[in-house]
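Take a look at the structure set out below.
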Amino acid sequence: MEMIRLQVQILIFLAIGLLFGKKKWINKESADQLNGLVMNLILPCSIFHAFQTKLTSEILNSTFSILVLAILLQAIFIAISGWIWKFVPEKSERTNLEYGTVSNNAGTLGMVIGQAAFGQEGVLYTSIYAIPLRIVMWSYGVALYNRDHVLHLKDLVIKVITHPCMIAIFLGIITLILQSMGYELPSLVTQTVSSLGGCNTVLIMIIIGVILSEIPLRDLFDKNVIFYTILRLVIIPCLVLGGLMLFHIDGMPLKICVIESAMPAPVTMAMLSQKYGVNAPFSGKMIFLSTAASMVTLPLWTLILNVL
Numbered sequence: 079m080e081m082i083r084l085q086v087q088i089l090i091f092l093a094i095g096l097l098f099g100k101k102k103w104i105n106k107e108s109a110d111q112l113n114g115l116v117m118n119l120i121l122p123c124s125i126f127h128a129f130q131t132k133l134t135s136e137i138l139n140s141t142f143s144i145l146v147l148a149i150l151l152q153a154i155f156i157a158i159s160g161w162i163w164k165f166v167p168e169k170s171e172r173t174n175l176e177y178g179t180v181s182n183n184a185g186t187l188g189m190v191i192g193q194a195a196f197g198q199e200g201v202l203y204t205s206i207y208a209i210p211l212r213i214v215m216w217s218y219g220v221a222l223y224n225r226d227h228v229l230h231l232k233d234l235v236i237k238v239i240t241h242p243c244m245i246a247i248f249l250g251i252i253t254l255i256l257q258s259m260g261y262e263l264p265s266l267v268t269q270t271v272s273s274l275g276g277c278n279t280v281l282i283m284i285i286i287g288v289i290l291s292e293i294p295l296r297d298l299f300d301k302n303v304i305f306y307t308i309l310r311l312v313i314i315p316c317l318v319l320g321g322l323m324l325f326h327i328d329g330m331p332l333k334i335c336v337i338e339s340a341m342p343a344p345v346t347m348a349m350l351s352q353k354y355g356v357n358a359p360f361s362g363k364m365i366f367l368s369t370a371a372s373m374v375t376l377p378l379w380t381l382i383l384n385v386l
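Take 79 as the starting number for the sequence shown in this note's numbering and just add one per residue.
The structure is reproduced here in structure tokens:
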């Protein structure tokens, strides 16, 4: 029931974003500014708050397992992404499809779903899962959209480690260790961070709704977008589930890796495709259709994982 309630809430927030976008009460520029607020403040606060817990042997083992598995999965996604979409003749479409295969919306929507499905620990585990994902998004992902330019390793490393979400993870790990040693943060700090992080779900879904409001419904049903949506939401998580069960991996590492691999296309795709002029309308279709379809598939995956 909790997941159903969350999905209804998400749909309401999404509908609000769609309405405000259609009515032009929030335009693209305003949505970009809201997105900056979320990426640079709200989401980092939500990540940091997830680490406000005592470090136990179970949490330590689970976070380490999830991090290792996430690294392996990202390597596999990179290896197969070019092969899967090699039949697509249009280079700009292929770039978006490859980016949407190596990355997804686990860094934002994934935290929301993780919390609803597995509680506050779900946010902690999804934050750990998102570390290699974020590195790939801002390194390999940028390289995909910027194929004609040379990326300097030093600039790339600085960009990754200074991203607000990565800083929040680093600070969160430090406070997690300190709390396990008996040092607590002042309640004013934790309450402020918690309040800011609590805005995460609402703002993210409203922003996505505004982005989706600019895509005509009749243009959504592109065959490559439909295949991508099925691949992203059904085929990939099925393969992840089967692979992990084959190697007898269970518990929270299995649940987090499967549910996070079932997330829709990343909203960062819209920003990168717009910035580098790589078929932004096509990336919008991918975001719209996969996000809309995930409203059905994510509750189903949550039910399946809770049974395992």
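Yeah, the Cβ is synthetic: ideal placement off N, Cα and C, and Gly gets one too.
Outcome for residue i when other beta-carbon atoms lying within 10 angstroms are tallied against a minimum of 16
i, result
"residue 143", "buried"
"residue 117", "buried"
"residue 259", "exposed"
"residue 93", "exposed"
"residue 367", "buried"
"residue 255", "exposed"
"residue 346", "buried"
"residue 323", "exposed"
"residue 230", "exposed"
"residue 265", "exposed"
"residue 127", "buried"
Given residue i as reference, the closest of the options once Cα atoms are compared
i, options, result
"residue 209", "254, 260, 152", "152"
"residue 145", "343, 247, 88", "247"
"residue 277", "301, 308, 186, 294", "186"
"residue 363", "329, 179, 297", "297"
"residue 329", "262, 280, 311, 384", "384"
"residue 183", "272, 270, 253, 370", "370"
"residue 71", "300, 240, 379", "In the structure displayed, the chain extends from 79 to 386; residue 71 sits before or after that span and is not available."
"residue 267", "123, 106, 155, 96", "123"
"residue 225", "205, 197, 174, 275", "174"
"residue 270", "280, 119, 235", "119"
"residue 293", "230, 91, 106, 89", "106"
"residue 179", "155, 169, 170", "155"
6 Å Cβ shell around residue i - same chain, five flanking residues per side excluded
i, result
"residue 172", "163, 166"
"residue 100", "291"
"residue 207", "144, 148, 334, 338"
Own chain, CB closer than 7 Å to residue i, minus 5 neighbours either side, in chain order
i, result
"residue 176", "159, 160, 163, 222"
"residue 181", "211, 214, 215, 219, 344"
"residue 352", "358"
Beta-carbon contacts of residue i that lie in its chain and below 8 Å, excluding the five residues immediately before and after
i, result
"residue 348", "289, 358, 361, 362, 365"
"residue 96", "287, 288, 290, 291"
"residue 196", "203, 330, 333, 334"
* Count the CB pairs spanning the stretch 284-297 and the stretch 123-141 that are closer than 8 Å, and state whether there are at least three. => no
* Inspect the CB distances between the stretch 191-210 and the stretch 351-360 and report whether three or more fall short of 8 Å. => no
* Counting only runs that start and end within the stretch 222-254, where is the beta strand (DSSP E) found for 3 or more residues in a row? -> none
* Asked: Does the stretch 212-221 come within contact of the stretch 369-376, defined as at least 3 CB pairs closer than 8 Å?
  -> no
* Using 8 Å as the threshold, is the stretch 185-200 in touch with the stretch 337-354, meaning 3 or more CB pairs across them? -> yes
* To do: Specify whether the stretch 295-313 and the stretch 108-125 touch according to this definition: at least 3 beta carbon pairs, one from each stretch, less than 8 Å apart.
  => no
* Let me know the alpha helix (DSSP H) ranges lying completely inside the stretch 192-219, each 4 residues or longer, listed in chain order. => 198-216
* Asked: Whole alpha helix (DSSP H) runs in the stretch 81-156 with 4 or more residues, listed along the chain?
  -> 106-115, 121-128
* Asked: Of all the beta strand (DSSP E) runs that stay within the bounds of the stretch 261-307, which reach a length of 3 or more residues?
  -> As summarised for the stretch 261-307, there are no continuous beta strand (DSSP E) elements at least 3 residues long confined to that stretch.
* Asked: In chain order, which continuous runs of the alpha helix (DSSP H) of length 4 or greater are located wholly inside the stretch 309-356?
  -> Here the runs fully enclosed are 314-324, 329-339, 346-353.
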